[in-house]
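Here this note's numbering is used: position 53 in the sequence shown is 55, and no number is missing along the way. All C-beta atoms, glycine included, are put in the ideal place defined by N, C-alpha and C. All values reported here derive from a predicted model rather than from experimental measurement.
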Amino acid sequence: MYAGKNSIVKKWLSPKFGMAGWRIDVGNMTGRLGADDLHDEVMRGIRQAMDEVKPDAWLVAENGDFVASDLNGLGWHGAMNYQGFMRPVWNWVNKNSTIGGGFQGLPFTMPKINGRQLVESMSQFSAAIPWRSLVASMVLLDSHDTARMRTVVLGDKAIHLSAMALMLSYPGVPSIFAGDEIGLEGAWGEDGRRTINWENRSAWDHEFLAQIKLLVEIRRHRDGLIHGGLRWLAVEDDYIAFLRESKKESILVFISRKQVKATLDLKPYGYVIKQTLYGESAQGSKIVIASKAATQAVWVVESSQKRIG
Numbered sequence: 003m004y005a006g007k008n009s010i011v012k013k014w015l016s017p018k019f020g021m022a023g024w025r026i027d028v029g030n031m032t033g034r035l036g037a038d039d040l041h042d043e044v045m046r047g048i049r050q051a052m053d054e055v056k057p058d059a060w061l062v063a064e065n066g067d068f069v070a071s072d073l074n075g076l077g078w079h080g081a082m083n084y085q086g087f088m089r090p091v092w093n094w095v096n097k098n099s100t101i102g103g104g105f106q107g108l109p110f111t112m113p114k115i116n117g118r119q120l121v122e123s124m125s126q127f128s129a130a131i132p133w134r135s136l137v138a139s140m141v142l143l144d145s146h147d148t149a150r151m152r153t154v155v156l157g158d159k160a161i162h163l164s165a166m167a168l169m170l171s172y173p174g175v176p177s178i179f180a181g182d183e184i185g186l187e188g189a190w191g192e193d194g195r196r197t198i199n200w201e202n203r204s205a206w207d208h209e210f211l212a213q214i215k216l217l218v219e220i221r222r223h224r225d226g227l228i229h230g231g232l233r234w235l236a237v238e239d240d241y242i243a244f245l246r247e248s249k250k251e252s253i254l255v256f257i258s259r260k261q262v263k264a265t266l267d268l269k270p271y272g273y274v275i276k277q278t279l280y281g282e283s284a285q286g287s288k289i290v291i292a293s294k295a296a297t298q299a300v301w302v303v304e305s306s307q308k309r310i311g
């Protein structure tokens, strides 16, 4: 399957077929059956086979039951980040806490958490794995096995947009489940797999789609979001703000889940606003936000010393 010269893993990565990588379904159970546990052997074997034929190929696994050792750098490059991103974000923004079977077919009641608990959950997850595993993991709000975010937030477009902006600015590989960008709904996995109506696009949420296109373009072209680290700047019950800093630039992101009044002081960080990329326009070292609903903003910041010079 993976070790042979013409194995399935190697064959489809060869120049003849040109696949860019492999996603392993139910990765946490791969190589496991009853008392037999060959998981690590199989995981590392697939990785070695891929490295032999295409060292830059991406190996990502579905992993609903997170185990840190799976992301120790020797096996999967990354995983579908359910536990360290999707679940905490659902718990922060949901307006539909009793949605049945919404997460991988498992009926449960979602807790309602505040922004501090959100960041604590995300930080605990990311601290347990190498940074390179975090940035190689899929960042997602939903998938073919879950309810859709638009249903999780009971159709609230502003909250949905905040969640999308968070996903598209967080470390990792942004993964939009087809149809989310036009506002498709779904209360569980199969219900969420609705077809996109290409013949009649009047039901699409075109305004929402336009905003997603803007956020995707920012993610694709801003070095801070592609290569930057992660530093939390403000963490409150209803809003969060964080920095993504790379060698080339620094990006500041603000996300709220509801109407907020917030002030961000950049002086302790030595920054001033250089450019507004998305959302609330701002200048100087102090940002004042008074929103009427959930809101999102992305700015380029630069050293205040550089501005003075």
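- Below 9 Å between beta carbons: does that hold for I214 and E192? Counting from one through the sequence shown, the residue named residue 214 turns up at place 212. Counting from one through the sequence shown, the residue named residue 192 turns up at place 190. Against a cut-off of 9 Å, the Cβ pair of E192 and I214 comes out as no contact.
- Query: What is the DSSP secondary structure of S2, reduced to helix, strand or coil?
  - Reply: One cannot answer for residue 2 here, as it falls past the ends of the chain, which runs 3 to 311.
- Message: Does F110 pass the burial test, meaning 16 or more other C-beta atoms within 10 Å, or should it be called exposed?
- Response: Residue 110 sits at position 108 when you count from the first residue of the sequence shown. Its Cβ having fewer than 16 others within 10 Å, F110 is exposed.
- Item | Spatial distance of S171 from E64 (CA atoms) | Taking the first residue of the sequence shown as position 1, residue 171 is located at position 169. Taking the first residue of the sequence shown as position 1, residue 64 is located at position 62. Taking the straight line joining both Cα atoms gives about 21 Å.
- Task: Would you kindly report the start and end of the unbroken alpha helix (DSSP H) that includes R246?
- Result: Along the sequence shown, read from residue 1 onward, the residue named residue 246 stands at position 244. In the DSSP assignment, R246 falls outside any alpha helix (DSSP H) and within the unbroken beta strand (DSSP E) covering Y241 to E247.
- Tell me whether V290 is buried or exposed, calling it buried when 16 or more other Cβ atoms sit within 10 Å of its Cβ. What you label residue 290 is simply residue 288 of the sequence shown in a count that begins at 1. Looking at its Cβ environment, which holds fewer than 16 other Cβ atoms inside 10 Å, V290 is exposed.
- Query: Which two residues bound the contiguous beta strand (DSSP E) that contains F256?
  - Reply: Here the question's residue 256 lines up with position 254 in the sequence shown. Taken as a continuous stretch (DSSP letters only), the beta strand (DSSP E) holding F256 covers S252 to S258.
- Item | Closest residue to F210 among S9, A243 and A167 (Cα-Cα distance) | As a working mapping, residue 210 is identified with position 208 in the sequence shown. Comparing Cα positions, the closest option is A167.
- DSSP state of K288, grouped into three classes? Locating residue 288 in the sequence shown gives position 286, where the first residue counts as 1. Strand at K288.
- Item | Member of A292, R25 and N116 whose CA lies at the smallest distance from the CA of G281 | Here the question's residue 281 lines up with position 279 in the sequence shown. Selected option, being the one with the closest Cα: A292.
- Excluding sequence positions up to five away, which residues of its chain have a Cβ less than 8 Å from the Cβ of L216? As a working note, residue 216 is residue 214 in the sequence shown. Around L216: Y280.
- Which of helix, strand or coil DSSP assigns to K276: Walking along the sequence shown from the start, residue 276 turns up at place 274. Three-state DSSP puts K276 in a strand.
- Item | Neighbourhood of W92 by C-beta, 7 Å cutoff - its chain only, sequence neighbours within 5 removed | Your numbering for residue 92 matches position 90 in the sequence shown. Counting only Cβ-Cβ distances below 7 Å, and skipping sequence neighbours, we find M112 and V154.
- Message: Does T153 come out as helix, strand or coil in the three-state DSSP assignment?
- Response: Here the question's residue 153 lines up with position 151 in the sequence shown. Note: T153 maps to helix in three-state DSSP.
- Task: Could you tell me the distance, in whole angstroms, from the CA atom of I257 to the CA atom of W94?
- Result: In the sequence shown, residue 257 corresponds to position 255, counting from 1. In the sequence shown, residue 94 corresponds to position 92, counting from 1. So the two alpha carbons sit approximately 12 Å from each other.
- Message: Only counting the same chain, and skipping five residues up and downstream in sequence, which positions put a Cβ closer than 6 Å to that of N30?
- Response: Here residue 30 refers to the residue found at position 28 when the sequence shown is read from its first residue. Correct list, in chain order: N65 and D67.
- Message: Could you give the first and the last residue of the continuous beta strand (DSSP E) run that contains K263?
- Response: Taking the sequence shown and counting its residues from 1, the one referred to as residue 263 is at position 261. First-last of the beta strand (DSSP E) with K263: K263 to D267.
- Pick from N199, R246, L156 and L142: whose alpha carbon is nearest that of V300? Numbered from its first residue, the sequence shown carries residue 300 at position 298. It is R246.
- Task: Determine the extent of the alpha helix (DSSP H) in which W133 is found, giving its start and end residues.
- Result: Within the sequence shown, numbered from 1, the residue matching residue 133 stands at position 131. Per DSSP, W133 is one residue of the alpha helix (DSSP H) stretching across W133 to V137.
- Message: Using a Cβ-Cβ distance cut-off of 9 Å, determine whether D38 contacts chain D.
- Response: Included in the structure is just one protein chain, with no chain D present.
- Closest by C-alpha distance to T278, when choosing among G230, R25, L163 and I253: Translated into the one-based positions of the sequence shown, residue 278 becomes position 276. Selected option, being the one with the closest Cα: I253.
- Task: Counting only the same chain and skipping the five closest in sequence on each side, list residues whose C-beta sits under 7 Å from that of V141.
- Result: Locating residue 141 in the sequence shown gives position 139, counting from the first residue. Correct list, in chain order: N83, F87, M169, Y172, G174, V175, P176 and S177.
- Task: Take the Cβ of P90 as the centre, count every other Cβ of all protein chains shown within 10 Å, and call the residue buried at 16 or more, exposed below.
- Result: For the purposes of this step, residue 90 is taken as the residue at position 88 of the sequence shown. Answer is buried; the Cβ neighbour count reaches 16.
- C-beta contact flag for K12 and M45 at 9 Å: Within the sequence shown, the letter at position 10 stands for residue 12. Within the sequence shown, the letter at position 43 stands for residue 45. Not closer than 9 Å, so no.
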